[in-house]
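Under my numbering, the first residue of the sequence shown is numbered 19, with each subsequent residue one higher. So the structure is just underneath, and the comments pick up after that.
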Amino acid sequence: MPFVNIRITKENGEPTTEQKKELIDGVTDLLARVLKKNKASTVVIIDEIDTDNYGLGGRSITEVRKDSKSSQ
Numbered sequence: 019m020p021f022v023n024i025r026i027t028k029e030n031g032e033p034t035t036e037q038k039k040e041l042i043d044g045v046t047d048l049l050a051r052v053l054k055k056n057k058a059s060t061v062v063i064i065d066e067i068d069t070d071n072y073g074l075g076g077r078s079i080t081e082v083r084k085d086s087k088s089s090q
């Protein structure tokens, strides 16, 4: 049974429910086409990560993105 875990940041109202449906459908189709996996037994999980909950270089991604926007 294929098991796919997608981790994506949750920000600015995305991913939307429609986008998540499209991701699940697309990944399932890809596994079926490329690896000949049974769609009925393919599991896709989407973990939405708040940008305060992970970091880069000792700072949260929220802080990193704020700084990059202010320097543009």
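For every residue, glycine included, the Cβ atom is placed at its ideal position computed from N, Cα and C.
Looking at the structure shown, is residue i part of a helix, part of a strand, or coil, going by DSSP?
{"i": "T80", "result": "helix"}
Report the rounded CA-to-CA distance for residue i versus residue j, giving the unit in angstroms.
{"i": "V22", "j": "E40", "result": "14 Å"}
{"i": "E29", "j": "V62", "result": "21 Å"}
{"i": "I42", "j": "D68", "result": "20 Å"}
{"i": "R25", "j": "G76", "result": "20 Å"}
{"i": "K87", "j": "M19", "result": "42 Å"}
{"i": "Q37", "j": "G31", "result": "11 Å"}
{"i": "G44", "j": "R83", "result": "29 Å"}
If the criterion is Cβ atoms closer than 8 Å, does the pair residue i and residue j meet it?
{"i": "D70", "j": "S78", "result": "yes"}
{"i": "K57", "j": "T46", "result": "yes"}
{"i": "L49", "j": "T60", "result": "yes"}
Give a single yes or no on whether residue i has its beta carbon closer than 7 Å to a heavy atom of the ligand MG.
{"i": "E29", "result": "Judged by which ligands are present, the structure shown has none, so any question about the ligand MG falls away."}
Assuming residue i is part of the alpha helix (DSSP H), what are its boundary residues?
{"i": "T69", "result": "Looking at the DSSP string, T69 is not in any alpha helix (DSSP H), and its letter there is neither H nor E."}
{"i": "A50", "result": "T35 to L53"}
Going by DSSP, what residue range makes up the beta strand (DSSP E) through residue i?
{"i": "N28", "result": "With the sequence shown as reference, residue 28 is identified as Lys, and Asn is not the correct amino acid for it. Looking at the DSSP string, the run of the beta strand (DSSP E) that includes K28 is F21 to K28."}
Counting only beta-carbon atoms, is residue i nearer than 8 Å to chain B?
{"i": "S59", "result": "Given the protein chain composition of this structure (a single chain), no chain B is represented."}
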